[in-house]
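A.B. asks:
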Amino acid sequence: MSLYNGENQKMSSALYAKNRFLTAGDNLQIIADRITRNDDLCKLLTRYTSDVMKDTKPITPAERAEVFQKRIRTVATLPKDDEVGAFIVIGIGSITPMKTGLSYNISFDILCNTDVWNLEDYTARPYYIMNEIDWMLSDTKMKGIGPTTFLGAAPIKINEKLLGYTMLFNVGEI
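Mapping the sequence shown onto the working numbering, position 12 (from 1) lands on 21, and the numbers just tick up by one.
#1: Taking only the alpha-carbon atoms, compute the straight-line gap between residue 141 and residue 108 and give it to the nearest angstrom.
#2: In angstroms, rounded to a whole number, what distance separates the CA positions of residue 174 and residue 166?
#3: Could you give the residue range of the alpha helix (DSSP H) that holds residue 229?
#4: How far does the beta strand (DSSP E) with residue 1 in it extend, from its first residue to its last?
#5: Taking residue 157 as part of the beta strand (DSSP E), name the residues at either end of that continuous run.
#6: In terms of residues, what are the limits of the alpha helix (DSSP H) holding residue 34?
#7: Have a look at residue 6 and residue 136 and give me their C-alpha separation to the nearest angstrom.
#8: Assign residue 60 to buried or exposed, taking buried as 16 or more other Cβ atoms, counted over all protein chains shown, within 10 Å of its Cβ.
#9: Apart from the five residues on each side of it in sequence, which residues of its chain come closer than 6 Å, Cβ to Cβ, to residue 177?
#10: Can you check which of these residues, 145, 50, 63 and 35, is closest to residue 72 by C-alpha distance?
#11: Going by DSSP, which residues form a beta bridge with residue 150?
#12: Going straight from the alpha carbon of residue 58 to that of residue 125, what length do you get?
#13: Can the beta-carbon of residue 134 be found closer than 8 Å to that of residue 163?
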């Protein structure tokens, strides 16, 4: 039999997760922090030479700031005047209730201008970015119950100059 408190008529249970939707926002902050601490991702998002992966110059505070302020987006819009370079658009979707919280998907739209698409070894810049995100997130724990699980990726096209991939991860109960 369920018990309800007299104050707000909500079920009182150890399994009721208060602020369960806010955890998703906390995880967006964790992801943004992980991206800005990742030197290879910072290089891929701010340095547009074809040999960027061989670049041994340290990441500057200005480059980290650019990644955090301009290259990581949590709103699925890009400035019209800034379609040059590479971006990561992070989103939360497919939220499902679980016994002790929520299960939800985190999407990463990795977008690159075709002018900076290919790197020296003929590997596309988005592949390097996806590899870093996968390495950084797969089977890791953030704020929530279970580990982050990679679900897949699909190509996306914004226009003739801005292309990329959408990666999908799940965060939730095991």
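Where a beta carbon is used, it is the ideal one built from N, C-alpha and C, also for glycine. Keep in mind the model is a prediction, meaning the values are calculated, not measured.
C.D. replies: Let me lay it out:
#1: Taking the first residue of the sequence shown as 1, we reach residue 141 at position 132. Taking the first residue of the sequence shown as 1, we reach residue 108 at position 99. Each residue's alpha carbon lies about 32 Å from the other.
#2: Mapped onto the sequence shown, residue 174 falls at position 165. Mapped onto the sequence shown, residue 166 falls at position 157. So the alpha carbons of these two residues sit roughly 8 Å apart.
#3: Since the first residue shown for the chain is 10 and the last is 183, residue 229 is missing from the structure and cannot be characterised.
#4: Within the shown structure, residues of the chain are numbered from 10 to 183, placing residue 1 beyond reach of any answer.
#5: Sequence index remark: in the sequence shown, residue 157 carries index 148 (1-based). Note, residue 157: beta strand (DSSP E), 157 to 166.
#6: Taking the sequence shown and counting its residues from 1, the one referred to as residue 34 is at position 25. First-last of the alpha helix (DSSP H) with residue 34: 31 to 46.
#7: What the structure shows of the chain is the stretch from 10 to 183, and residue 6 is not part of that stretch, so it cannot be assessed.
#8: Indexing the sequence shown from 1 puts residue 60 at position 51. Looking at its Cβ environment, which holds fewer than 16 other Cβ atoms inside 10 Å, residue 60 is exposed.
#9: Locating residue 177 in the sequence shown gives position 168, where the first residue counts as 1. Once the five neighbours on either side are set aside, the close Cβ partners of residue 177 are 114, 116, 160 and 161.
#10: Counted from its first residue, the sequence shown places residue 72 at position 63. Measuring from the Cα of residue 72, the nearest candidate turns out to be 50.
#11: Sequence index remark: in the sequence shown, residue 150 carries index 141 (1-based). Partner(s): 156.
#12: Reading the sequence shown from its first residue, position 49 is the one you call residue 58. Reading the sequence shown from its first residue, position 116 is the one you call residue 125. So the two alpha carbons sit approximately 7 Å from each other.
#13: Taking the first residue of the sequence shown as 1, we reach residue 134 at position 125. Taking the first residue of the sequence shown as 1, we reach residue 163 at position 154. Going by C-beta atoms, residue 134 is not nearer than 8 Å to residue 163.
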